[in-house]
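Take a look at the structure below.
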Amino acid sequence: MSATGPQPLPKTLAERQLRIPDRLRWLLIGIAVAASLYLVSPFITLWRLNVIVVNGPTSALSTVVDIEAVRDQLQRRLNKDRVSTIGEVSDPFIDWIQDGIRRHGSEALTGTVTLSWLRQLLLTHAQGRDGIWPAISDAFFDSPTRFRVQIGQPTNPQASPLVRAEDAQPMPVQLRLARTWLGWQVIAASY
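Residue numbers for the sequence shown follow my numbering, beginning at -1 and rising by one.
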């Protein structure tokens, strides 16, 4: 005869520890790491952009800026019938484009929208050796493949007219980044 003592009661569902199979656990860890890297990747591109803007050379911007795409987005913005990633633009920006069209004609964007122009535009917000990084006031995803950045604070329309010109802040720069096979690249710039 076998002696059978009292059998322990099975644990209730609430008392049981959740046991995830090893394969599923590693899959979830892999997905979490990949998602984290993806969320951080546009900020790494911004850091690279900052280093290049501060230290130069201007030609190195081509690794993080698709200047042809920037020109294309500006061309789309000028054409009311086409969709552009550039949102609202400031009056000084429109004046700058019109001045470029008067000077250069149909090749205005090719002559004025260059890597040097973009570098100078970003340097208006540079803060010493820290560059543009401290001036970034907004940066977030518009979609899984688009990232928007605002560098500088928007000007207050109710600011006193007595503010001296040298105390005025430059217009905030708007950048749009797109995901490519090679990483994130700037595809649009405006202010």
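Every residue gets a Cβ at the ideal spot worked out from N, C-alpha and C, and that includes glycine.
Pick out whichever of Asn48, Ala176, Leu22, Arg75 has its Cα sitting closest to the Cα of Pro132. Ranking the options by Cα distance to Pro132, first place goes to Asn48.
I'd like the list of long-range same chain contacts for His102, defined as Cβ closer than 7 Å, with 5 residues on each side in sequence excluded. Leaving aside the five residues that flank His102 on each side, the residues in its chain whose CB is nearer than 7 Å to its CB run, in chain order, Gly109, Thr110.
Of the listed residues Trp24, Arg100, Leu59, nearest to Gln118 (C-alpha basis): Cα-wise, what sits closest to Gln118 is Leu59.
Could you please give the first and the last residue of the uninterrupted beta strand (DSSP E) stretch that includes Trp131? No beta strand (DSSP E) holds Trp131; DSSP gives it neither H nor E.
Alpha carbon to alpha carbon, how far is Ala157 from Gln148? For Ala157, the predicted model reports a pLDDT of 49, less than 50, meaning its position is unreliable; a value from the coordinates is still stated below. A direct Cα-to-Cα measurement between Ala157 and Gln148 gives close to 20 Å.
Quick one: residues in its chain with C-beta nearer than 8 Å to the C-beta of Thr56, no 5 flanking neighbours on either side, listed in chain order? In the same chain as Thr56, and ignoring 5 residues on each side of it, the C-beta atoms closer than 8 Å to its own belong to Leu113, Ser114, Arg117, in chain order.
Beta-carbon separation (whole angstroms), Ile84 vs Gln71, contact threshold 8 Å: About 5 Å separates the Cβ atoms of Ile84 and Gln71, confirming a contact at the 8 Å cut-off.
Please list, in chain order, all residues of the same chain as Val52 whose beta carbon is under 7 Å from its beta carbon, the five residues on each side excluded. Closer than 7 Å at the Cβ level, and outside the excluded window around Val52, lie Ala124, Arg127, Gly129.
Runs of alpha helix (DSSP H) wholly within the stretch 51 to 102 (minimum 4 residues, chain order): For the stretch 51 to 102, whole alpha helix (DSSP H) runs of length 4 or above, ordered along the chain, are 65 to 76, 89 to 102.
Close Cβ partners of Arg69 (< 8 Å) along its chain, the five nearest in sequence each way excluded: Leu107, Thr108, Val111, listed in sequence order.
Classification of Trp182 by the beta-carbon crowding that lies within 10 angstroms, buried from 16 upward: Around the C-beta of Trp182, 16 or more other C-beta atoms lie within 10 Å, and the residue is accordingly described as buried.
Would you give the residue range spanned by the alpha helix (DSSP H) that Thr108 belongs to? Run containing Thr108: 106 to 110, per the alpha helix (DSSP H) assignment.
Rounded to whole angstroms, what's the CA-CA distance from Asp140 to Leu180? Just pull it up for me. Asp140 and Leu180: Cα-Cα distance of roughly 19 Å.
Using the Cα positions of Ala176 and Ala186, report the straight-line distance between them to the nearest angstrom. Spanning the two alpha carbons is a distance of roughly 9 Å.
Residue from Tyr36, Glu66, Arg74, Leu26 whose Cα sits closest to the Cα of Arg194: The first residue shown for the chain is -1 and the last is 189, placing residue 194 beyond what the model contains.
Give me, in chain order, the residues of the same chain whose beta-carbon lies closer than 7 Å to that of Arg46; leave out the 5 immediate sequence neighbours on both sides. Sequence-distant Cβ neighbours of Arg46 in its own chain, meaning closer than 7 Å and more than five residues away, are Val62.
Tell me which same chain residues have a C-beta within less than 8 Å of the C-beta of Pro90, skipping the five on either side of it? Beyond the five residues adjoining it in sequence on each side, Pro90 comes within less than 8 Å, by CB distance, of Met169, Tyr189 in the same chain, given in chain order.
Distance, Leu25 Cα to Val38 Cα: Rounded to the nearest angstrom, the two C-alpha atoms are 20 Å apart.
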